[in-house]
Amino acid sequence: MLWRTHFLIFGTEAGNLHGGSGTCVQDQKNIKGVSKLSEYRLEMHDVVKTFPGVRALDGAQLKLRPGTVHALMGENGAGKSTLMKCMFGIYHMDEGEVIYEGEKVQIKGPLDALNRGIAMVHQELQPIPERSIGENIYVGRYPVKKIGPLTVIDHDKMYRDAARVLEEVHLNFEPRAKLGSLSVSQMQLVEIAKAVSADCKVLILDEPTSSLTAAEVEALFTIINELRGKGVSIVYISHKMDEILRISDEVTIMRDGQYIGTWSAKELTTDFIITKMVGRELSELYPVRENTPGEVVFEVEDFTSINPKSFRHASFQLRKGEILGVAGLVGAQRTELMEGLFGLRSHTAGKIIYKGQELKINQPKDAINNGIAMLTEDRRATGILGVLSIADNVSIASLNQYLIGGVMLDDAKIENLVQENVAKLSIKTPSSKTQIQSLSGGNQQKVLISRWLANNPDIFIMDEPTRGIDVGAKYEIYCIIAEMAKQGKSIIMISSEMSELIGMSDRIMVMCDGRVTGFIEGGEANQENIMSLATRFE
Amino acid sequence: MKEELDDRTVLDEEGTQPHGQTQPVSALDGIYERLPDISVKSLDRFILLCVIALVAVVVIGVLRANHII
Amino acid sequence: MQKSAESNHAAPFDVKKFMSNNAIIILIVLLAILTGCTTKNFFTTTNFKNLVVNVAPRFIIACGVSGCLITKGTDLSAGRAVGLAACLSAMMLQSVDYAARMFPWMPDIPWPVALVIVMIIMGAFGAVNGIVISVLKVPPFIATLGMQTIIYGLCSLITNNQPMGGYKKSYLTVASGSVGPIPYLMIFAVIVGLYFLFLYNKTRHGKYMYAIGGNENAAQVAGVNVRASLVRIYILAGCMYALAGFLVGAKAGGASTATGQGYELEAIAACTIGGVSANGGVGRVGGILVGVLVFEILKICLQFLRVDPAYTYIAQGLVIVIAVALDLRKYLQKK
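Chains H, C and W, in that order, are what the protein sequence lines are.
The first sequence begins at 1 in the working numbering and counts up one residue at a time.
The second sequence begins at 1001 in the working numbering and counts up one residue at a time.
The third sequence begins at 2001 in the working numbering and counts up one residue at a time.
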């Protein structure tokens, strides 16, 4: 992919690319026209996509009409992003088809999609901060000009076009300024401008407002309305109920990779949507918690990272048997703070006090020896030992406990440990020797939790514990968390799901841009006060 | 304002590095993930080719040793 | 609602899968049978002893390298390390009344003592490798490549590029002697094999090694002391090269700066055939033995068939390529 785009810049296929302000390959005037064969501009039917151990998409579908905002909703792991990646050709579908403007198509990748008139704003930004805003907007499709035999990038045209695009979306950034000079929310707006600038017929917005302030959200909605008026089909993927109900015409709900249904937005209520997304009644979303927070056992004072842009002056207290939720926008540095406390990142100032004693933590082993455990955000990257068995994964952090004669490992003891946990946490696996990577996300997470529980930690940091896990397993994990708290363990739970934070926390700590901005008691927490603290930028 | 074109980092929207991998452990680490997309089928054909070559080499060696070729 | 977890157990016997996983082994077995039927003296005890005596030191070297490979590293210094070890052993174990003794002042050292000394020295070299790789974060390929040339240089210096011989009887007997029908060399190899079997399967060190190979970042988070483990792995490798060099010298009755050249390639290839994946985290002692056997049997068969050694080289190269391709295939299938 990298090499192909380089090739294109050097002029061989340059003619087919956007030479500037979005001359899509298709005619401009057809943007409102519909194919005679169908009222839908884009359809996806019966899509199936499997990964090892997981059926990520199971008969999913989507039908987009022109000039509408179509919301795509579902829990984490429901398959929304996967479906979009299938549409874009980033993933290869096992089964199913994509029909675009009446014709069956096979899209080969993001650039091919862009050429056909389908643009996407990703949830995870991939900006190039050292380059200018204009370059970021036109990356992969720079306008070119010829100087003699050479084909070079036409910077003047690029910046002129970029300025126009930014104006169109009501942003007054200087196109030549470095992208890195903007805040995270501003970068997200530029990302949106980039997709809009392609001036195409289908626009997919994946969690576009996750880092935006209220004013910026309004600006975005204005743009969306304008695009809708022009006949663009917009897919709006989001968790935010009120936004969805405001801006969308139709709503498709997915659950566990399956298509649940499509409804007109006017007919929907928040409760109905949640019930459909989750598959269980609202009242049963979170288990009843019987823990009673006691005295303060853990204190963090003025914890500051060696990286000035990361966490700074973070202070909080943690009580015994308490579940402390940690809320914040993407980029708030919550994960970084917890990694710092666990010894995965370096800090330059600050104290950690546990049971009255100050702790020196420079590497994970130090934290573990002091009774701290951490379930990381990305279990594939830093959690599971993929090629190893479940038994190995469960026992790896506590091997010292299963020694015969101080040297030899007692396999029988380890097997017992595994079986205990399989029963206690309802882990579904054929045997203890199965490779952990063939388990579903939820079961993998439970194996990791068992790993940490084997050390009997007092403090358990969990970073997005239910990310990418199906709804049934989520509930089981909530029950596990509740049980741990009841037994007197203290849990720190980072989460980006508002409802999860409100449903599970005794207290919520909110961070914004590396600073702790406030605390909210569990009983008083709601979306508004959490968001207000989460967007308290300096 | 002419910038060198060779050190342009073009944004690869898919990202060739697996999700979450921050620094490679060694030069060869994760080399399987960085190789271009080879289908299992073409790999099978390659393996078959090598096996045939192997058998051929042995056969030719034997035949030459017995002065047949 | 529960997504089914795909298990790795295929219920019926999949012929195609068995063939593809074990293609090389099947081919070599066929070759052996063919050779046995068409030549004399193939299936004899002498030939078997010959095989064992060649396999033993190579198996020991492969065991040493396996730890490096399992943790996604490599050790290109193995061959030259074996050479240096052979030369060091020679220096200490030449017969006292040998006319061309390199160090006339060297006292009469019993061979077990000499062996221990050589293991300590080569273990130290291994430690350097381990530290450079785990603390200084130099890629193993480069670190051990550098060590390879350094060791070669040192060997040249201390031996003054003079080949050495004239060993004392007790040292020579280590390689030529046997307990009944079982050669001493085989006993050494068996002891090493059992030790590694125990180490890899029943100790914390083994589990940490596989964890680091499987996912170093995750191992770190789980509290594994990655640096210490890596250093231990490379020290152990060094000790194995020492033992192998000691045995190779005894077998050949002599040693020089050329001893051991290129041994690492065969050792690494043998590991790959035996299932040690370049992707890390996987590898078993049984597989390593199979890998070494495949190489040696291939060599012996072609020798018996009086094939020109050049063809043997090509054949070995193809075997290596097939082994790596099969490993890649296994990885791709899982994706």
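Cβ atoms here follow ideal geometry from the backbone N, Cα and C, with glycine treated the same way.
How would you label residue i, buried or exposed, when you count the other beta carbons within 10 angstroms and need 16 or more for buried?
| i | result |
| --- | --- |
| phenylalanine 2188/W | buried |
| glutamate 2264/W | buried |
| aspartate 161/H | buried |
| histidine 239/H | buried |
| threonine 2046/W | exposed |
| proline 149/H | exposed |
| aspartate 271/H | exposed |
| arginine 246/H | exposed |
| aspartate 94/H | exposed |
| lysine 2072/W | buried |
| proline 2140/W | buried |
| methionine 2092/W | buried |
| phenylalanine 460/H | buried |
| alanine 193/H | buried |
| proline 1018/C | Reliability of the predicted coordinates at proline 1018/C is poor, the pLDDT of 33 falling under 50, and the value obtained from them is presented with this limitation in mind. The residue in question, proline 1018/C, is exposed, as its Cβ has fewer than 16 Cβ neighbours within 10 Å. |
| isoleucine 1052/C | exposed |
| methionine 44/H | buried |
| valine 1971/W | Because chain W is modelled from 2001 through 2335, residue 1971/W falls outside the range shown and cannot be assessed. |
From the DSSP output, in three-state form, read off residue i for me.
| i | result |
| --- | --- |
| isoleucine 2191/W | helix |
| threonine 466/H | coil |
| isoleucine 204/H | strand |
| alanine 327/H | strand |
| valine 1062/C | helix |
| alanine 162/H | helix |
| lysine 178/H | strand |
| isoleucine 128/H | coil |
| serine 35/H | Below a pLDDT of 50, predicted positions are generally treated as unreliable, and serine 35/H, at 45, falls in that range; the measurement from the model is reported next regardless. Serine 35/H: coil per DSSP, three-state reduction. |
| isoleucine 306/H | coil |
| threonine 348/H | strand |
| valine 516/H | strand |
| aspartate 27/H | Per-residue confidence for aspartate 27/H stands at a pLDDT of 38, beneath the threshold of 50, marking its modelled position as unreliable; no derived number is given. |
| methionine 241/H | helix |
| valine 2174/W | helix |
| glutamate 358/H | strand |
| glycine 371/H | coil |
| proline 2112/W | helix |
| alanine 454/H | coil |
Since residue i and residue j should fall inside the 8 angstroms C-beta cutoff, what is the C-beta to C-beta distance between them, to a whole number of angstroms?
| i | j | result |
| --- | --- | --- |
| alanine 2222/W | alanine 397/H | 5 angstroms |
| alanine 2344/W | glycine 2245/W | Residue 2344/W is absent from the model: chain W starts at 2001 and stops at 2335. |
| aspartate 458/H | valine 297/H | 7 angstroms |
| glycine 1061/C | tyrosine 2313/W | Rounded, the Cβ-Cβ distance is 11 angstroms, inconsistent with contact. |
| serine 210/H | histidine 70/H | Not confirmed; about 19 angstroms, so no contact. |
| glycine 2260/W | valine 2135/W | That pair is no contact at about 27 angstroms. |
What residues from chain D crowd round residue i, counting only those whose CB sits closer than 8 angstroms?
| i | result |
| --- | --- |
| arginine 2329/W | Among the chains of the structure shown, chain D does not appear; the protein chains present are H, C and W. |
At a Cβ cut of 7 angstroms, what residues of the stretch 2310 to 2322 of chain W count as close to chain C, listed as they run along the chain?
Tyr2311, Ile2314, Ala2315, Leu2318, Val2319, Val2321 and Ile2322
- Query: Taking Cβ-Cβ distances below 8 angstroms as the criterion, which residues of the stretch 270 to 288 of chain H are in contact with chain W?
  - Reply: Gly279
With contact counted as at least three CB pairs below 8 angstroms, one residue from each stretch, are the stretch 220 to 239 of chain H and the stretch 199 to 208 of chain H in contact? Yes, they touch.
Counting only Cβ-Cβ distances shorter than 9 angstroms, please list the residues of the stretch 2258 to 2285 of chain W near chain H, keeping chain order. Ser2277, Asn2279, Gly2280, Gly2281 and Val2282
**Study point:** Residues in the stretch 372 to 394 of chain H having any Cβ partner in chain W nearer than 8 angstroms
**Key:** Met374, Thr376, Ala381, Thr382, Gly383, Ile384, Leu385, Gly386, Val387, Leu388 and Asp392
ask   = Of all the residues that make up the stretch 2225 to 2255 of chain W, which are near chain H by a beta-carbon distance shorter than 9 angstroms?
value = Asn2225
Notebook entry, point to check: What residues in the stretch 1048 to 1062 of chain C have a beta carbon less than 9 angstroms from any beta carbon of chain W?
Noted result: Residues passing the 9 angstroms Cβ filter: Cys1050, Val1051, Ala1053, Leu1054, Val1055, Val1057, Val1058, Ile1060, Gly1061 and Val1062.
- Count the CB pairs spanning the stretch 2297 to 2305 of chain W and the stretch 2024 to 2044 of chain W that are closer than 8 angstroms, and state whether there are at least three. Counting C-beta pairs with one atom in each stretch, the stretch 2297 to 2305 of chain W and the stretch 2024 to 2044 of chain W have three or more that are closer than 8 angstroms, which means they touch.
Taking a cut of 7 angstroms between CB atoms, which residues from the stretch 2187 to 2213 of chain W lie near chain C?
-> None of the residues of the stretch 2187 to 2213 of chain W has a beta carbon lying less than 7 angstroms from any beta carbon of chain C.
* Asked: What are the residues of the stretch 2056 to 2086 of chain W that lie near chain H, defined by any Cβ-Cβ distance shorter than 9 angstroms?
  -> none
Q) Per the contact definition of three or more C-beta pairs closer than 8 angstroms, is the stretch 517 to 531 of chain H in contact with the stretch 337 to 347 of chain H? A) Verdict: no, contact absent.
Using 8 angstroms as the cut-off, can you tell me whether the stretch 2209 to 2225 of chain W makes contact with the stretch 372 to 383 of chain H, which would need three or more C-beta pairs spanning the two stretches below that distance?
yes
Which residues, in chain order, does the stretch 2285 to 2307 of chain W contribute to contact with chain H at a C-beta distance below 9 angstroms? none
> When you check each C-beta in the stretch 394 to 405 of chain H against every C-beta of chain W, which residues fall closer than 7 angstroms?
Replying inline: Ile396, Ala397 and Leu399
message: Residues of the stretch 409 to 429 of chain H in Cβ contact with chain W at a cutoff of 7 angstroms, in chain order, please.
response: Leu409, Lys428 and Thr429
Touch check for the stretch 2317 to 2335 of chain W and the stretch 2264 to 2279 of chain W: three-plus C-beta pairs under 8 angstroms?
yes
query = Got a sec: which bits of the stretch 354 to 372 of chain H sit with their beta carbon under 7 angstroms from any beta carbon on chain W, in order along the chain?
reply = The residues in question are Pro364, Lys365 and Ile368.
### Task
May I ask you to verify whether the stretch 2048 to 2061 of chain W touches the stretch 2122 to 2135 of chain W, counting CB pairs closer than 8 angstroms and requiring at least 3?
Contact fails: fewer than three Cβ-Cβ distances are below 8 angstroms.
### Message
Give me the subset of the stretch 2122 to 2156 of chain W whose CB atoms are less than 7 angstroms from a CB atom of chain H, sorted by chain position.
### Response
Residues of the stretch 2122 to 2156 of chain W whose Cβ lies closer than 7 angstroms to any Cβ of chain H: none.
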